[in-house]
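First up is the structure itself, then whatever we jot down about it.
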Amino acid sequence: MKKTISMLLASALSISAAMPVFAADTFKDVNENSYEWAYEYVEDMAEKGLISGYEDGTFRPGNSVSRMEAFALFARLMGSNNETNAETLQLAKEKYADVLEDYGLSYAEGDVAFMLYRGVISEDELDTYFKGSKKSEAMPRYEAAILITKAMLAEEAATSEVLIDMEYTDVADIPKSARQYVYYVSQKGIMTGMGDGEFSPATSVLRGQIAVMLSKTANSANYFFETAKLESVDTDAKNIKIKDYDSEIGYSDNTKIYKNGNLSDDSALAAGQNVVLTYSEDDSGVTLAFADIMEVEIDETVNAVFTGYASSGGKLTVTVKDPATGRSTTYNCSADATITLNGAVSDINKLRDGDYVVLGLSGDAVAEIATIEKSESIKNATLEKIDPTGRITISHEDSEYDGQEYVLGTDAKIYKNGNTSEFSALYRGDALTIKLEYGVVASINATSSVKKVTGVLKSYTISTNPTITIKSDGNEYTYDILSGVAITINGEAAKLADFEIGSSVTLTIESDAVKSVTASSAAGTTASSSLTGVVTSVSTTAKVILISYNEAGSETTAYISCTDNTKYYVIPTLSEYSLKQIKEGDTVVAYGAYQNGIFVSTGVTITPSVK
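Just so we're aligned, residue 2 is where the sequence shown starts under my numbering, counting upward by one.
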């Protein structure tokens, strides 16, 4: 349905152009013969749902109005009880619940929260109006002038007027802080004197009077509200275009924009957003007073291939398929779901079979549908994790990609170091360029680097995904062990389990994966072995450790000869140790080989004795 802003404003003007004609009196104590000066205003405000009477059908226009009642009435004038602002009211109540809990505002708490949210009053002013018994006390007329001015969003205009000349005979009795407000409402004809030329600032406002003030303020500020969807935003020209409107709507620096319950600037506005707009119309024209961005909370996103939609009985559904499995799923759409096509707000009928889309799910319904590029290339990625089922996880400097997991397509092409390869040949640490089609990996170009690392074996895991950890140059490194890795000790084939913790090893590494593990002894040595025993003495000069150990049921001693290259590590931390730190009673495991009948150690682990 096409509309224009001029039609909207014409509708608003027709409401406020004249007082309504009432078929019957709303309240039995206010009619053309009783309180006739307030009659039309009371009926007007009752018709608009801003005031109500008592259970006995009376309005009691001669009763005074408490501060709490006055704030509630003007909050409703600004839209606190309008259904369009229901979500905004809830945000206000949640935001200021803790602030207001000690004031005991009962029925008016939501209205006061709304006034705080709109900036009509500040938290610093709460004690002035609502602390203790103040909330139930009658509002004096000068406070009513302040409240009316603020509710009209005219505080800045009023307080900027310094040369004021009021004809009231009791101007001196009006508090200085209120005079500019009294002047403003008097000029607007919303408040007048009380007779004898007096404004009577301290006199209590009566219910009949507040109805007059409220009605005149409503006609002067003329707030009206609508929910809309932004089609485009031009922050340079300060214009917004609403979906299904033919013209743009301007806003100004005075327009207050809220997002997620917080005051923001126009950078928060974006195409596709659902907004609640509050307009004010006076003699100078229509202005956009408030824009509340109603963001939908997205619980889950789904990337899929769009295949079609259906509409039946006012309910919309979309059908998509998983690009990896081809499985189809149909989702219900919320009534105000946003459709974005190539970055611009669009309609569901503009989507085409085969479009790649991201669905934003809120609860069980689709709240957002946006098209995204079918093809994408990711460069400068690093392979972080490989899942044998055909999934990879990458690391990347760009947070958009870092930690993301991608599924390998059934026809994916794998290239490594310039040659056609297999998925199983990809190693953690490989540099990758990935091409995605519909979010699924179509091809991988991998590059690896080969290096040798020498260190001391700290730990290893024997599992479906074995790893080895070594200590080199004071740092620890963990590498994946490839299937079929070549393991040799002194030139002979061995198993990973044949190594002892603390052994000196050399790893041949491609990216972060181990292709071979080797250990060798110096020339003239026999096969690598180890000796375990308790230290009986240590000679740091001769670099010899004498140990005692049990062999075939009898105590035996052995000399362990160390060299300048021998490494020492303390258990369990495997921190580096020194020969002179080894003490009598420590348990040691020496790794090395016999050379000319002497056990020459390349590495020693020490478990200090407990004393």
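Yeah, the Cβ is synthetic: ideal placement off N, Cα and C, and Gly gets one too.
None of these values were measured; they are calculated from a predicted model.
Contacts around residue i, its chain only, beta-carbon distance under 7 Å, and the 5 residues preceding and following it disregarded
{"i": "Glu301", "result": "Leu362"}
{"i": "Lys581", "result": "Thr541"}
{"i": "Ser1", "result": "Beyond the ends of the chain as shown, which are 2 and 612, falls residue 1; an answer cannot be given."}
{"i": "Asn83", "result": "Phe226"}
{"i": "Ala155", "result": "Tyr185"}
{"i": "Ala269", "result": "Ile258, Lys260 and Ile294"}
Three-state class that DSSP yields for residue i in the structure shown
{"i": "Ser347", "result": "coil"}
{"i": "Thr89", "result": "helix"}
{"i": "Ala413", "result": "strand"}
{"i": "Lys453", "result": "strand"}
{"i": "Gly492", "result": "coil"}
{"i": "Ala594", "result": "strand"}
{"i": "Ser610", "result": "coil"}
{"i": "Asp197", "result": "coil"}
{"i": "Val306", "result": "strand"}
{"i": "Asp474", "result": "coil"}
{"i": "Lys239", "result": "coil"}
{"i": "Ala528", "result": "Any reading at Ala528 must be qualified, since the residue scores a pLDDT of 47, below 50, and its modelled position is unreliable; no value is offered."}
{"i": "Tyr357", "result": "strand"}
{"i": "Ser155", "result": "A quick correction: the sequence has Ala, not Ser, at residue 155. Ala155: coil per DSSP, three-state reduction."}
{"i": "Tyr108", "result": "helix"}
{"i": "Phe60", "result": "coil"}
{"i": "Ser178", "result": "helix"}
{"i": "Val601", "result": "strand"}
{"i": "Glu385", "result": "strand"}
{"i": "Thr507", "result": "strand"}
{"i": "Val297", "result": "coil"}
Exposure label - residue i; buried when at least 16 CB within 10 Å
{"i": "Tyr143", "result": "buried"}
{"i": "Gln700", "result": "Residue 700 cannot be examined here, being either before or after the span of the chain that is shown, 2 to 612."}
{"i": "Tyr97", "result": "buried"}
{"i": "Thr372", "result": "buried"}
{"i": "Gly108", "result": "Here residue 108 is Tyr; the residue named in the question, Gly, does not match the sequence. Tyr108 comes out exposed."}
{"i": "Ile510", "result": "buried"}
{"i": "Val605", "result": "buried"}
{"i": "Val601", "result": "buried"}
{"i": "Ala292", "result": "buried"}
{"i": "Thr218", "result": "buried"}
{"i": "Thr89", "result": "buried"}
{"i": "Gly80", "result": "buried"}
{"i": "Ile463", "result": "exposed"}
{"i": "Thr326", "result": "exposed"}
Residues near residue i by beta carbon distance below 8 Å, same chain, minus five either side
{"i": "Glu438", "result": "Pro324, Lys375, Ser376 and Gly410"}
{"i": "Val346", "result": "Lys230, Leu231, Glu232, Ser233, Lys244, Ala272, Gly273, Thr339 and Ile340"}
{"i": "Ser579", "result": "Tyr569"}
{"i": "Lys584", "result": "Val536, Val539, Pro609 and Ser610"}
{"i": "Lys351", "result": "Ile340 and Leu342"}
Residue i, enclosing alpha helix (DSSP H) - first and last residue
{"i": "Thr27", "result": "Taken as a continuous stretch (DSSP letters only), Thr27 belongs to no alpha helix (DSSP H), as it is neither H nor E."}
{"i": "Gly209", "result": "Arg208 to Ala222"}
{"i": "Ala290", "result": "Ala290 -> not in any alpha helix (DSSP H); beta strand (DSSP E) instead, spanning Gly286 to Ile294."}
{"i": "Ala271", "result": "Here Ala271 belongs to no alpha helix (DSSP H), and DSSP marks it neither H nor E."}
{"i": "Tyr74", "result": "Correcting the residue type first, residue 74 is Leu in the shown sequence and not Tyr. It spans Arg68 to Leu78 - the alpha helix (DSSP H) in which Leu74 sits, taken as one unbroken run."}
{"i": "Leu127", "result": "Leu127 to Phe131"}
{"i": "Val1", "result": "What the structure shows of the chain is the stretch from 2 to 612, and residue 1 is not part of that stretch, so it cannot be assessed."}
Endpoints, beta strand (DSSP E) assigned at residue i
{"i": "Asp565", "result": "Ser555 to Val571"}
{"i": "Arg142", "result": "First-last for Arg142: Arg142 to Ala152, but that is the alpha helix (DSSP H), not the beta strand (DSSP E)."}
{"i": "Glu282", "result": "Asn275 to Asp283"}
{"i": "Gln582", "result": "Taken as a continuous stretch (DSSP letters only), Gln582 belongs to no beta strand (DSSP E), as it is neither H nor E."}
{"i": "Thr330", "result": "Ser329 to Leu342"}
{"i": "Tyr259", "result": "Lys257 to Lys260"}
{"i": "Ala432", "result": "Ala432 to Glu438"}
{"i": "Val319", "result": "Lys316 to Lys322"}
{"i": "Ser549", "result": "Val545 to Glu552"}
Contacts around residue i, its chain only, beta-carbon distance under 6 Å, and the 5 residues preceding and following it disregarded
{"i": "Lys151", "result": "Val121"}
{"i": "Phe23", "result": "Caution is warranted here: a pLDDT of 37 is assigned to Phe23, below 50, making its placement in the model unreliable, and the coordinate value is therefore given only provisionally. Glu44."}
{"i": "Lys380", "result": "Thr434"}
{"i": "Pro467", "result": "Ile482"}
{"i": "Gly475", "result": "none"}
Cβ-Cβ separation, residue j to residue i (assumed contact under 8 Å), whole Å
{"i": "Glu369", "j": "Ala338", "result": "7 Å"}
{"i": "Ile250", "j": "Asn240", "result": "7 Å"}
{"i": "Ile490", "j": "Ala520", "result": "5 Å"}
{"i": "Leu131", "j": "Met69", "result": "Inspection of the sequence shows that residue 131 is occupied by Phe rather than by Leu. Between Met69 and Phe131 the Cβ distance is about 7 Å, and since that is below 8 Å, they are a contact."}
{"i": "Ser512", "j": "Tyr428", "result": "4 Å"}
{"i": "Leu207", "j": "Asn32", "result": "So it is not a contact: roughly 17 Å between Cβ atoms."}
{"i": "Leu384", "j": "Asp431", "result": "4 Å"}
{"i": "Asn420", "j": "Val359", "result": "At roughly 35 Å, the Cβ-Cβ gap does not stay under 8 Å, so Asn420 and Val359 are not in contact."}
{"i": "Ala139", "j": "Ser67", "result": "6 Å"}
{"i": "Met214", "j": "Ile149", "result": "6 Å"}
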